[in-house]
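*Asks:* Okay, handing you the structure first.
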Amino acid sequence: MKEKNQPHWVIAKIVEQEAPGITIDLWPRVQARATSPAVKTHKPIIGCWKRRLAFGLMLILFLIGSLAFVPGVRAFAEDIFQQLGFAFVNTDLYDQTTLQSSVDVIRITPPTSLSLAEVRAQIPFPLLVPTWLPDNLIYVHRSIQKYDPQENEGSGFKVEIDYGRTPDFNQENGVLFLSANDGPIPAPYVLAESRSQSVTVNGVPGIYVHGGWQSDGSGDPNTRMGDLLWDDNADDAYLTWSQDGVTYLLAAHKLMLNLDDMLRIASSMRGE
Amino acid sequence: MNEADAIAQLKAGNIAGLKALMDIYQVQAVHAAILITRERAMAEDIVQNAFLRSFERITQFDSSRPFGPWFLRMVINDALKAASKQRRKISLDTDEEEIYQQLIDTLDAGEDEPEDLVQQSELRQIVSEALSKLSPQQRAVIVQRYYLGLSERDMSNVLDRAPGTIKWSLNSARKRLRALLLPFID
Chain H
13 MKEKNQPHWV
23 IAKIVEQEAP
33 GITIDLWPRV
43 QARATSPAVK
53 THKPIIGCWK
63 RRLAFGLMLI
73 LFLIGSLAFV
83 PGVRAFAEDI
93 FQQLGFAFVN
103 TDLYDQTTLQ
113 SSVDVIRITP
123 PTSLSLAEVR
133 AQIPFPLLVP
143 TWLPDNLIYV
153 HRSIQKYDPQ
163 ENEGSGFKVE
173 IDYGRTPDFN
183 QENGVLFLSA
193 NDGPIPAPYV
203 LAESRSQSVT
213 VNGVPGIYVH
223 GGWQSDGSGD
233 PNTRMGDLLW
243 DDNADDAYLT
253 WSQDGVTYLL
263 AAHKLMLNLD
273 DMLRIASSMR
283 GE
Chain B
6 MNEADAIAQL
16 KAGNIAGLKA
26 LMDIYQVQAV
36 HAAILITRER
46 AMAEDIVQNA
56 FLRSFERITQ
66 FDSSRPFGPW
76 FLRMVINDAL
86 KAASKQRRKI
96 SLDTDEEEIY
106 QQLIDTLDAG
116 EDEPEDLVQQ
126 SELRQIVSEA
136 LSKLSPQQRA
146 VIVQRYYLGL
156 SERDMSNVLD
166 RAPGTIKWSL
176 NSARKRLRAL
186 LLPFID
């Protein structure tokens, strides 16, 4: 009987001649392999490419979420680490970045200013304050910021004392911030690691940094941060040290202060 | 045991189901793989691995659909990958529809005559050699269309190509095969 589908017939004859069907029996080999422990059962943990893809996507989302919302993970990823009152970032890792990000502008109403006695009454650690300040600098504001002690080392009370050249605390006229906390300063300044200087403050180790981040002008003051570049000539000076279990941070802006000036303020700190 | 029973058993973890499926499909699968790879040992390895993979993935198989196309798709794709690595290609292009038809007519004619049977045997050898000279992709479309009897739509699903691409590949393979056979046609 002739095959009606001639091409099929020809090809079938060819292959039957090359490998007669009667000689094909793969079962013994397949059975041996199917029953060996090396072969997975038909209920694999992650058995197909779709599941692997889904698992991979979930992992990526988890990592992105961690980077976005877990400060510790983000800091680790960005190579940011804290020392006393500063957080340092390795700018070598960022010299090629041109990241921009949109942010919501948050207006914060400053807390009521407290007297020094009120501050000391509320905090569980001794507080030193400067008895010497550069010319024309006056006290402006004192406050206590409360942090969750579960998430921050120390009691959770951070003291902020602001000094300025004018009572309106206009930062363009020059300001000095003093922060104190019985543990690392919460929400520290992020500064360039390469510019940190080890110094001695009141007989204890401290860190001094001069300069600051300057916008490259690509941002918008209301909605967008531009790229930041470190500027050694920026009129910013920072000094931090830990004394009697309390971490202090001095941050001066537009006051033309140098290391000697900052050390002089620090050495004038008294418990009165 | 029919195919549905075999799949049900396999899904239940009974390897006897795999044996039943192999009884149905192993010869066809090995032949298809041989036609594409042109090597029996390689073809048997491919089919063996495909059966084991179907055993591992049987829970993902939709029992309402036939097993054959799902399984043969794996075999053809694996054979194509294996054959492509070997890169057996010879370039030749001639378009001779009439000559191809002559070949078919010759094969079809006088089947009962001993002389013709000899001639058919020779021609099968010629066709076999011609098949070997096609590219793996061309062999794959020839095998699917003429050996497995798949439609162009089915082939587009198996090879994950657009139907238009399959049609073009099929025509290209036909032309190549005819051209290769041209010197042997009276």
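Those protein sequences? They're chains H and B, same order as listed.
Letter by letter, the first sequence follows residues 13 to 284 in my numbering.
Letter by letter, the second sequence follows residues 6 to 191 in my numbering.
For glycine and all other residues, C-beta sits at the position ideal for the given N, C-alpha and C.
A quick note: this is a predicted structure, and the numbers were derived from the prediction, not measured.
Quick one, which of H:PRO217, H:ASN193, H:LEU145, H:GLY223 has its alpha-carbon nearest VAL202 (chain H)'s?
*Replies:* H:GLY223
*Asks:* If you pair each beta-carbon of the region 17-32 of chain H with each one of the region 36-47 of chain B, do three or more pairs fall below 8 Å?
*Replies:* yes
*Asks:* Looking at the strands, I want to know which residues DSSP matches up with SER191 (chain H).
*Replies:* H:GLU172, H:LEU261
*Asks:* Give, in chain order, every residue of the region 31-45 of chain H whose Cβ lies closer than 8 Å to some Cβ of chain B.
*Replies:* ALA31, GLY33, ILE36, ASP37, LEU38, TRP39, ARG41, VAL42, GLN43, ARG45
*Asks:* Please classify ASP248 (chain H): does DSSP put it in a helix, a strand, or coil?
*Replies:* Taken through DSSP and simplified to helix, strand or coil, ASP248 (chain H) comes out as strand.
*Asks:* Please state the DSSP three-state secondary structure of TRP144 (chain H).
*Replies:* The answer is coil: DSSP assigns TRP144 (chain H) none of H, G, I, E or B.
*Asks:* Excluding five sequence neighbours on each side, which residues of the same chain lie with their C-beta closer than 6 Å to the C-beta of ILE147 (chain B)?
*Replies:* Take ILE147 (chain B), set aside five residues on each side of it, and the residues of its chain with a beta-carbon closer than 6 Å to its own are ALA178, in chain order.
*Asks:* Within 10 angstroms of its Cβ, does ILE95 (chain B) collect 16 or more other Cβ (buried), or is it exposed?
*Replies:* Reliability of the predicted coordinates at ILE95 (chain B) is poor, the pLDDT of 38 falling under 50, and the value obtained from them is presented with this limitation in mind. So ILE95 (chain B) ends up on the exposed side.
*Asks:* Under a Cβ-count criterion, where at least 16 other Cβ atoms within 10 Å of its own Cβ denotes burial, should GLN162 (chain H) be classed as buried or exposed?
*Replies:* When all chains shown are included, GLN162 (chain H) counts as exposed.
*Asks:* For ASP243 (chain H), report the span of its alpha helix (DSSP H) as first-last.
*Replies:* Segment 240-243 is the beta strand (DSSP E) holding ASP243 (chain H); no alpha helix (DSSP H) there.
*Asks:* What are the residues that DSSP puts in a beta bridge with LEU203 (chain H)?
*Replies:* Looking at the DSSP output, LEU203 (chain H) bridges to H:PHE100.
*Asks:* Looking at the C-beta of LYS25 (chain H), does it have a partner C-beta in chain B at a distance below 8 Å?
*Replies:* yes
*Asks:* Assuming contact is defined by CB atoms lying nearer than 8 Å, are LEU149 (chain H) and ARG177 (chain H) in contact in what I supplied?
*Replies:* Against a cut-off of 8 Å, the Cβ pair of ARG177 (chain H) and LEU149 (chain H) comes out as a contact.
*Asks:* Take every Cβ of the region 210-225 of chain H, pair it with every Cβ of the region 175-193 of chain H, and state whether three or more of those distances are shorter than 8 Å.
*Replies:* no
*Asks:* What would DSSP say about GLY186 (chain H), mapped onto helix, strand or coil?
*Replies:* coil
*Asks:* Can you tell me which of H:THR259, H:ALA264, H:GLN226 puts its alpha carbon nearest to the alpha carbon of GLN95 (chain H)?
*Replies:* Checking every option, the nearest Cα to that of GLN95 (chain H) belongs to H:THR259.
*Asks:* If you drop the 5 nearest sequence neighbours on each side, which residues of the same chain put their C-beta closer than 6 Å to that of PRO119 (chain B)?
*Replies:* Any reading at PRO119 (chain B) needs caution, since the residue's pLDDT is 47, under 50, leaving its predicted position unreliable; the model's value is listed next. Excluding residues within five positions, none has a Cβ falling inside 6 Å.
*Asks:* Check whether the region 11-30 of chain B and the region 56-72 of chain B are in contact - that is, three or more C-beta pairs closer than 8 Å.
*Replies:* yes
*Asks:* What are the residues in the region 44-56 of chain B lying within 8 Å of chain H by C-beta distance?
*Replies:* From the region 44-56 of chain B, only ARG45, ALA48, GLU49, VAL52, GLN53, PHE56 have a Cβ closer than 8 Å to chain H.
*Asks:* Between VAL146 (chain B) and chain H, is the shortest Cβ-Cβ distance under 8 Å, so that the two count as touching?
*Replies:* no
*Asks:* Can you give the Cα-Cα distance for ARG58 (chain B) and ASN19 (chain B), rounded to whole angstroms?
*Replies:* 15 Å
*Asks:* By the DSSP assignment, the alpha helix (DSSP H) with TYR30 (chain B) in it spans what residues?
*Replies:* Counting along the chain, the alpha helix (DSSP H) containing TYR30 (chain B) begins and ends at 21-42.
*Asks:* I want to see whether chain B comes within less than 8 Å of THR252 (chain H), judged by CB atoms only; does it?
*Replies:* Not a single CB atom of chain B sits nearer than 8 Å to the CB of THR252 (chain H).
*Asks:* Determine the contact status of TRP253 (chain H) and VAL213 (chain H), defining contact as a CB-CB distance below 8 Å.
*Replies:* Their beta carbons are under 8 Å apart, which means TRP253 (chain H) touches VAL213 (chain H) by this criterion.
*Asks:* Among H:PRO198, H:TRP21, H:THR143, H:PHE169, whose alpha-carbon lies nearest the alpha-carbon of SER279 (chain H)?
*Replies:* H:THR143
*Asks:* In chain order, what residues of the same chain have a beta carbon less than 7 Å from the beta carbon of GLN157 (chain H), not counting five sequence neighbours either side?
*Replies:* LYS170, GLU172
*Asks:* Please go through the same chain and pick out, in chain order, the residues whose beta-carbon is closer than 7 Å to the beta-carbon of LEU153 (chain B), but skip the five residues on each side of it.
*Replies:* The answer, listed in chain order, is ALA37, LEU77.
*Asks:* Closest by CA to GLY22 (chain B), which one among B:PHE60, B:LEU139, B:ILE51?
*Replies:* B:PHE60
*Asks:* Establish whether the CB of LYS24 (chain B) and some CB of chain H are separated by less than 8 Å.
*Replies:* Taking 8 Å as the CB threshold, LYS24 (chain B) lines the interface with chain H.
*Asks:* Identify which residue in B:ALA17, B:LEU136, B:SER161 has its Cα closest to the Cα of LYS172 (chain B).
*Replies:* B:SER161
*Asks:* Between H:ILE277, H:SER155, H:SER191, H:ASP247, which lies nearest to ASP147 (chain H) when the distance is taken from Cα to Cα?
*Replies:* H:ILE277
*Asks:* Please compile the residues from chain H whose C-beta is within a distance smaller than 7 Å of the C-beta of TYR152 (chain B).
*Replies:* HIS20, ILE23, ALA24
*Asks:* Name, in chain order, the residues that DSSP records as bridge partners for PRO179 (chain H).
*Replies:* Answer by DSSP bridge pairing: none, since PRO179 (chain H) is not bridged.
*Asks:* Considering only residues of the same chain and omitting the five flanking positions on each side of PRO141 (chain B), which have a CB-CB separation below 7 Å?
*Replies:* ILE41, LEU85, ALA88, SER89
*Asks:* Determine the DSSP secondary structure at ARG166 (chain B), reduced to helix, strand or coil.
*Replies:* In the displayed model, ARG166 (chain B) falls within coil according to three-state DSSP, outside both helix and strand.
*Asks:* Note down, in chain order, every chain H residue with its Cβ under 7 Å from the Cβ of ILE39 (chain B).
*Replies:* Chain H residues near ILE39 (chain B): VAL27, GLU30, ALA31.
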